[in-house]
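Visitor: My questions will all concern the structure given below.
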Amino acid sequence: MSYQHKPTFIEKIAERLKIIPNLHDTGEVEIPRLTEPGELEKYPPPDEWDDWVEHEATGWAKKEKKHYTIVPTTCFNCESACGLLAYIDKDTNKIRKFEGNPYHPASRGRNCAKGPATINQIDDPQRILYPMKRVGKRGEGKWERVSWDEALNDISGRIGKALKEGRNNEIAYHVGRSGHEGYMDRVLKSWGVDGHNSHTNVCSSGARFGYNIWHGYDRPSPDHANSKFILLISAHLESGHYFNPHAQRIMEGMMNGAKLAVMDPRLSNTASLANYWMPTSPGTEAAVLLAMAKILIDEDLYNREYMENWVNWHEYLAAKHPGKEATFDNFIKALKEEYADYTVEYAAKEAGVKEQMIIDIAHQIGDAGTKFATHNWRSAGSGNLGGWAVARCLHFLNVLTGSVGTVGGTSPSAWNKFKPKFFDSPPDQKFWNELHFPDEYPLAFFEMSMLLPHFLKEKRGKLDVYFTRVFNPVWTYPDGFSWIEALSDEDKVGLHVALTPTWNETAYYADYVLPMGHSAERHDLNSYETHGATWIAFRQPVLREAARRRGEEVTFTYETNPGEVWEEDEFWIELSWRMDPDGSLGVKEHFISPYRAGEKVTVDEYYQYIFENVAGLPETAERENLTPLDYMKKYGAFEVESSSYNKHLKEVSSKDMEGATVDPVTNTIQKNGKNIGIMEKGKPVVGFPTPSRKQEFFSQTMIDWKWPEYDIPTYIKSHIHEDNLDREKGDFPLVPTFRLPVLIHSRSGNSKWLTEMAHRNPVWMHNSDAEKFGIVTGDLVRVNTAIGYFVDKVWATEAMKPGVVACSHHIGRWRRPQDVEANSWATNTVSIKENDGKWKMKTISGIRPFKSEDDDSSRIFWSDGGVHQNITFPVHPDPISGMHCWHQKVRIEKAHADDEYGDVFVDTNKSMEVYREWLAMTRPAPGPDNLRRPLWFARALRPAEETYYLNKD
Ligand code: SF4
318 MSYQHKPTFI EKIAERLKII PNLHDTGEVE IPRLTEPGEL EKYPPPDEWD
368 DWVEHEATGW AKKEKKHYTI VPTTCFNCES ACGLLAYIDK DTNKIRKFEG
418 NPYHPASRGR NCAKGPATIN QIDDPQRILY PMKRVGKRGE GKWERVSWDE
468 ALNDISGRIG KALKEGRNNE IAYHVGRSGH EGYMDRVLKS WGVDGHNSHT
518 NVCSSGARFG YNIWHGYDRP SPDHANSKFI LLISAHLESG HYFNPHAQRI
568 MEGMMNGAKL AVMDPRLSNT ASLANYWMPT SPGTEAAVLL AMAKILIDED
618 LYNREYMENW VNWHEYLAAK HPGKEATFDN FIKALKEEYA DYTVEYAAKE
668 AGVKEQMIID IAHQIGDAGT KFATHNWRSA GSGNLGGWAV ARCLHFLNVL
718 TGSVGTVGGT SPSAWNKFKP KFFDSPPDQK FWNELHFPDE YPLAFFEMSM
768 LLPHFLKEKR GKLDVYFTRV FNPVWTYPDG FSWIEALSDE DKVGLHVALT
818 PTWNETAYYA DYVLPMGHSA ERHDLNSYET HGATWIAFRQ PVLREAARRR
868 GEEVTFTYET NPGEVWEEDE FWIELSWRMD PDGSLGVKEH FISPYRAGEK
918 VTVDEYYQYI FENVAGLPET AERENLTPLD YMKKYGAFEV ESSSYNKHLK
968 EVSSKDMEGA TVDPVTNTIQ KNGKNIGIME KGKPVVGFPT PSRKQEFFSQ
1018 TMIDWKWPEY DIPTYIKSHI HEDNLDREKG DFPLVPTFRL PVLIHSRSGN
1068 SKWLTEMAHR NPVWMHNSDA EKFGIVTGDL VRVNTAIGYF VDKVWATEAM
1118 KPGVVACSHH IGRWRRPQDV EANSWATNTV SIKENDGKWK MKTISGIRPF
1168 KSEDDDSSRI FWSDGGVHQN ITFPVHPDPI SGMHCWHQKV RIEKAHADDE
1218 YGDVFVDTNK SMEVYREWLA MTRPAPGPDN LRRPLWFARA LRPAEETYYL
1268 NKD
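For the sequence shown, our numbering assigns the number 318 to the initial residue and increments by one for each residue that follows.
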């Protein structure tokens, strides 16, 4: 097929005037067809990926043909791990661009802006290319280049010594952007340390708790594409959680007739496309959800069969209404009484939304029935004291409609997520690290990571070797100055190793800064619950694969990456091998190749073993005469299950049924004192991983762990509830959790395209509120928090709920004059001064053009680098879920005479006071049987069961 462009009138004139090259004087222009006809016609066919030819984009008029080798990998710029295809120029061996991978089951060839922008991160002229070691005082900003050998020997020697001396709890690995399924758990268990810390309690542990308390799974997996009604709480899509895979399926669902409702005080991009935008006051979402639940119950719109079979209503009646006969009708009567106060009038008033909208949405939910998809992640779940109750009340609607795990409904995450089989599984560690899971937070769904500096200051423990992995708490976390104080003190943190692809505010306070690869420069296994199927994807270093295709031998990934940029997978193997040279620590044995006796495992062998054990992959690969590993190197992804629904109906094996009994009232199957399943229509099925094996409307766990007032789904008033605001004095709730869709937390700072698109974070304020202050867009305000303030510009808009303000947290990057110049597309230069815990930050200069090998750096037109707001927030750990409650009660005033844009002030003495106020709300362990934590709760890097029991007096 040939392509012939008919010149327009203007083109003809421009050609004649030689303003543009003459494209039409050589007759027909022959361009090879780009694709085969069909659904994927925009993509090169895989059999041409080894030698793909297209015209050079930068010299299009010359029609210069370029030969590429195309290698699949996955994006690393949010959790979704969408597929990418790297186009590698065969002449230069350089990556020229990234496009979508049509063979990736979740992203299906599509990406958001952050996917293709990976090329900016790779080509970043200021990236870290070699291992760096601090010289001078920590934080002083002086560095020297070292070899990988030197860094590995120093760090491994130090860890080995700590392990020999039994100081296992002094080793910790703290992950920001995670991404490789189970890899680090295996490494940390091989070291015998309880050393996993994560960012989850500043991200999602609130929502996770709400889901877990219902059914033992901690995340929702909505089947948007097949749903009839979709309800999203907050800026879920733009917050980055499965952004692109969910967005495309929501659109697909809507094109098939589904309706979308969004609860968010801010008119987000998602809300602007919804059928219903419900701008609830932050923290009141659960009241509205319970009002909807009441409508479903009162109007008999619930799914009786599902509720009767799958809700633990017998337990509820026995505990709360012991005098009543245990019938389902009595349960419904009791439900009506429980939720009698959640009238539409009450909810509408509480949330500041229209009554009719609540009624309409409830009816649509009832009508959607089992095709009701929901999601709640950040914002409401992560913003409020008791935010976990929002997820619990949202899931209540799924339970009422029987839309749990159905086509078009909402499945538990684990049903759509692949679990790899490893070549070696070290035993559970025998340590419990109280810096991560302290007694005060026995139900905390993940590590209490935001309290690490406070715990170190209180001398609850210390860290000898502390790894931060693609993690920037000084900037992303609340109370960043407390992090600086802790990280600067070598008595608290002996050695800080920052594993990062780019300089950041936390790396400035490290001892080693070790460059780790971007998505196309590393190995990872990915699998996420993006839709009603299960898939795996292979993130691979594309230049290494290109070298293999050329027949070159590569030992370590850094040999093909820019400079000496490495990857964690090989780094951990090397580190573990060196810390145990004679094998006496019992570490080395977990890094022996499964294919070559006594030899160190290679990264290829690690993945070879996993892929050989993925159901269906070896057979699919064989049909193409490939090994499973080579298949993944070629296509980058594999669909493990095309449909993953109703897994609670999986039959209990006949072996497990041996000796089991069935409770005739509840239909529960019991064995050895435990519930192992449910009899459903005469068939033994596994049910849910809760104590009752059912959906736990009633939670004995909450009672056992001292929170009886929350034994059923309840509305909890937030710390920023209207009752706690003094409007006369300028109090507002601040929503700081939303993200601009083109930004990544820290790592868009080295992407010129992304920062060009978004580089400001003004305070969103409704026009009517701005009028009251007598301010207009661009005016400065001082936003006072409990521990300090920041000075920012206002954006007056109709897109904000009156009485609420919001500010995105992805802007306001900084470096001090002594720090390495990096991320200059987005980084302000600031001065920081401290006196007795009182910290002042002032912007010296905003963004400026700079000289580099990339000419675009001299063309920067923006100067506004935004304001660092998170550093002015105290920690707000929810006493139950452990989630940091991000929303702030702020007092807004016009900027003072000497205030300047970007000013920040914080008193870390006050930070400690607020930390103690919130700590005082907890109800510490032990629980029943002297337990630290319910045994049925999942735990990151779960230790040996014996460690769950407190031995204290
Ligand atoms: S949603 Fe965007 S940032 Fe996230 S993985 Fe996909 S392409 Fe990358």
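We put the beta carbon where it would ideally sit given N, CA and C, even for glycine.
Is it the case that the CB of Lys988 approaches a heavy atom of the ligand SF4 more closely than 7 angstroms?
Guide: As a working mapping, residue 988 is identified with position 671 in the sequence shown. No, the ligand SF4 has no heavy atom inside 7 angstroms of this Cβ.
Visitor: Measuring only the C-alpha atoms, how far is Phe1167 from Pro1260?
Guide: Position 850 of the sequence shown, counted from the first residue, corresponds to residue 1167. Position 943 of the sequence shown, counted from the first residue, corresponds to residue 1260. So the alpha carbons of these two residues sit roughly 50 angstroms apart.
Visitor: Give me the Cα-Cα distance between Leu480 and Val982, rounded to the nearest whole angstrom.
Guide: As a position in the sequence shown, residue 480 is number 163, starting the count at 1. As a position in the sequence shown, residue 982 is number 665, starting the count at 1. Their backbone Cα atoms lie some 52 angstroms apart in a straight line.
Visitor: Below 8 angstroms, how does it come out for the region 433-447 and the region 825-840: are there three or more Cβ pairs, yes or no?
Guide: yes
Visitor: Could you check if Phe560 belongs to the surroundings of the ligand SF4, using beta carbon to heavy atom distance under 7 angstroms?
Guide: The residue you call residue 560 lines up with position 243 of the sequence shown. Correct: Phe560 has its Cβ closer than 7 angstroms to the ligand SF4.
Visitor: Among Ser1016, Phe415, Gly1091 and Ala837, which one has its Cα closest to the Cα of Asn529?
Guide: Numbered from its first residue, the sequence shown carries residue 529 at position 212. That would be Ser1016, whose Cα lies nearest to the Cα of Asn529.
Visitor: Using C-beta distances below 6 angstroms, list every residue in its chain close to Asp897, excluding the 5 sequence neighbours before and after it, in chain order.
Guide: Your numbering for residue 897 matches position 580 in the sequence shown. Around Asp897: Val904 and Lys905.
Visitor: Shorter than 7 angstroms, the distance from the beta carbon of Ala954 to the closest heavy atom of the ligand SF4, or not?
Guide: Stepping through the sequence shown from its first residue, residue 954 is reached at position 637. Ala954 Cβ: outside cutoff for every heavy atom of the ligand SF4.
Visitor: Taking a contact to mean a Cβ-Cβ separation below 8 angstroms, would you say Glu968 touches Lys988 in this structure?
Guide: Reading the sequence shown from its first residue, position 651 is the one you call residue 968. Reading the sequence shown from its first residue, position 671 is the one you call residue 988. In this structure, Glu968 keeps its C-beta atom at 8 angstroms or more from the C-beta atom of Lys988.
Visitor: For Glu968, which beta-bridge partners are listed by DSSP?
Guide: Position 651 of the sequence shown, counted from the start, is the residue given in the question as residue 968. Val1002.
Visitor: Specify the secondary structure class of Gln1017 as computed by DSSP and reduced to three states.
Guide: Taking the first residue of the sequence shown as 1, we reach residue 1017 at position 700. Reduced to three states, the DSSP call for Gln1017 is helix.
Visitor: Once DSSP output is grouped into helix, strand and coil, what is the label at Met765?
Guide: For the purposes of this step, residue 765 is taken as residue 448 along the sequence shown, with counting starting at 1. Note: Met765 maps to coil in three-state DSSP.
Visitor: According to DSSP, is Met1326 helix, strand or coil?
Guide: With the chain covering only 318 through 1270, there is no way to say anything about residue 1326.
Visitor: Going along the chain, which residues of its own chain have a beta-carbon closer than 8 angstroms to the beta-carbon of Ser805, five neighbours each way excluded?
Guide: Locating residue 805 in the sequence shown gives position 488, counting from the first residue. Within its own chain, the residues whose Cβ lies closer than 8 angstroms to the Cβ of Ser805, once the five positions on either side in sequence are excluded, are Arg455, Gly456 and Tyr826, listed in chain order.
Visitor: Check Thr1160 in the structure and name its three-state DSSP category.
Guide: For the purposes of this step, residue 1160 is taken as the residue at position 843 of the sequence shown. Correct three-state label for Thr1160: strand.
Visitor: Looking at Phe762 and Ser522, is the spacing between their C-beta atoms short of 8 angstroms?
Guide: By one-based count along the sequence shown, residue 522 stands at place 205. By one-based count along the sequence shown, residue 762 stands at place 445. Yes.
Visitor: Compare the Cα-Cα distances from Val1137 to each of Ala378, His384, Glu642 and Glu461 and report the closest residue.
Guide: Here residue 1137 refers to the residue found at position 820 of the sequence shown. Comparing Cα positions, the closest option is Glu461.
Visitor: Over the uninterrupted beta strand (DSSP E) stretch that includes Ser1148, give me the two end residues.
Guide: In the sequence shown, the residue the question calls residue 1148 occupies position 831. From DSSP, the beta strand (DSSP E) with Ser1148 extends over Thr1144 to Asn1152.
Visitor: Please tell me whether Leu1097 and Asp1216 are closer than 8 angstroms, where the distance is taken between their beta carbons.
Guide: Translated into the one-based positions of the sequence shown, residue 1097 becomes position 780. Translated into the one-based positions of the sequence shown, residue 1216 becomes position 899. In this structure, Asp1216 lies closer than 8 angstroms to Leu1097 by Cβ.
Visitor: Spatial neighbours of Ile890 within its chain, please: C-beta separation below 6 angstroms, excluding the five flanking residues on both sides.
Guide: Locating residue 890 in the sequence shown gives position 573, counting from the first residue. Phe908, listed in sequence order.
Visitor: Alpha carbon to alpha carbon, how far is Ile675 from Thr1144? Give it in angstroms, no decimals.
Guide: Walking along the sequence shown from the start, residue 1144 turns up at place 827. Walking along the sequence shown from the start, residue 675 turns up at place 358. C-alpha separation (whole angstroms): 44 angstroms.
Visitor: By alpha-carbon positions, which one of Met1082, Leu1057 and Ile550 ends up nearest to Met1074?
Guide: In the sequence shown, counting from the first residue as 1, residue 1074 sits at position 757. Of Met1082, Leu1057 and Ile550, the residue nearest in Cα terms is Leu1057.
Visitor: Starting from the Cα of Ala608, find the closest Cα among Pro911, Gly811 and Ile678 and give me that residue.
Guide: In the sequence shown, the residue the question calls residue 608 occupies position 291. Measuring from the Cα of Ala608, the nearest candidate turns out to be Ile678.
Visitor: Give the straight-line distance between the Cα atoms of Asn1140 and Ser699, rounded to the nearest whole angstrom.
Guide: Start at 1 with the first residue of the sequence shown, and residue 1140 comes out as number 823. Start at 1 with the first residue of the sequence shown, and residue 699 comes out as number 382. Rounded to whole angstroms, Asn1140 to Ser699 spans 28 angstroms at the Cα level.
Visitor: Is it right to say Arg861 is buried, meaning 16 or more other beta carbons lie within 10 angstroms of its own, or is it exposed?
Guide: As a working note, residue 861 is residue 544 in the sequence shown. It is buried - the Cβ of Arg861 has at least 16 other Cβ atoms within 10 Å.
Visitor: Are Ala824 and Ala815 close, meaning C-beta to C-beta below 8 angstroms?
Guide: Taking the sequence shown and counting its residues from 1, one reaches residue 824 at position 507. Taking the sequence shown and counting its residues from 1, one reaches residue 815 at position 498. In contact: Ala824 and Ala815 (Cβ atoms closer than 8 angstroms).
Visitor: Checking the sheet assignment: what are the DSSP bridge partners for Val1080?
Guide: Residue 1080 sits at position 763 when you count from the first residue of the sequence shown. In DSSP, Val1080 forms a bridge with Val1111.
Visitor: Determine the extent of the alpha helix (DSSP H) in which Ala837 is found, giving its start and end residues.
Guide: Looking up residue 837 in the sequence shown gives position 520. First-last for Ala837: undefined, no H or E at that position.
Visitor: According to DSSP, simplified to helix, strand and coil, what is Thr517?
Guide: Reading the sequence shown from its first residue, position 200 is the one you call residue 517. If DSSP states are grouped into helix, strand and coil, Thr517 belongs with the helices.
Visitor: Check the DSSP bridge columns for Gly880 and list the partner residues they point to.
Guide: By 1-based counting over the sequence shown, the position of residue 880 is 563. BP columns for Gly880 are empty, so no partner.
Visitor: Using the three-state DSSP reduction, which class does Glu371 fall into: helix, strand or coil?
Guide: Numbered from its first residue, the sequence shown carries residue 371 at position 54. If DSSP states are grouped into helix, strand and coil, Glu371 belongs with the strands.
Visitor: Compare the Cα-Cα distances from Ala489 to each of Tyr1027, Asn647 and Val810 and report the closest residue.
Guide: If you number the sequence shown from 1, residue 489 lands on position 172. Here the closest residue by C-alpha is Val810.
Visitor: Should the region 545-552 be regarded as contacting the region 726-736, the criterion being three or more beta carbon pairs within less than 8 angstroms?
Guide: no
Visitor: Within the continuous alpha helix (DSSP H) that includes Ile269, where are the two ends?
Guide: As shown, the chain starts at 318 and ends at 1270. That puts residue 269 outside it, with no answer to give.
Visitor: Three or more C-beta pairs closer than 8 angstroms, one from the region 603-617 and one from the region 697-711: is that the case here?
Guide: yes
Visitor: Where do the N-terminal and C-terminal ends of the alpha helix (DSSP H) with Asn647 fall, by residue?
Guide: Within the sequence shown, the letter at position 330 stands for residue 647. Element bounds for Asn647: Phe645 to Glu655.
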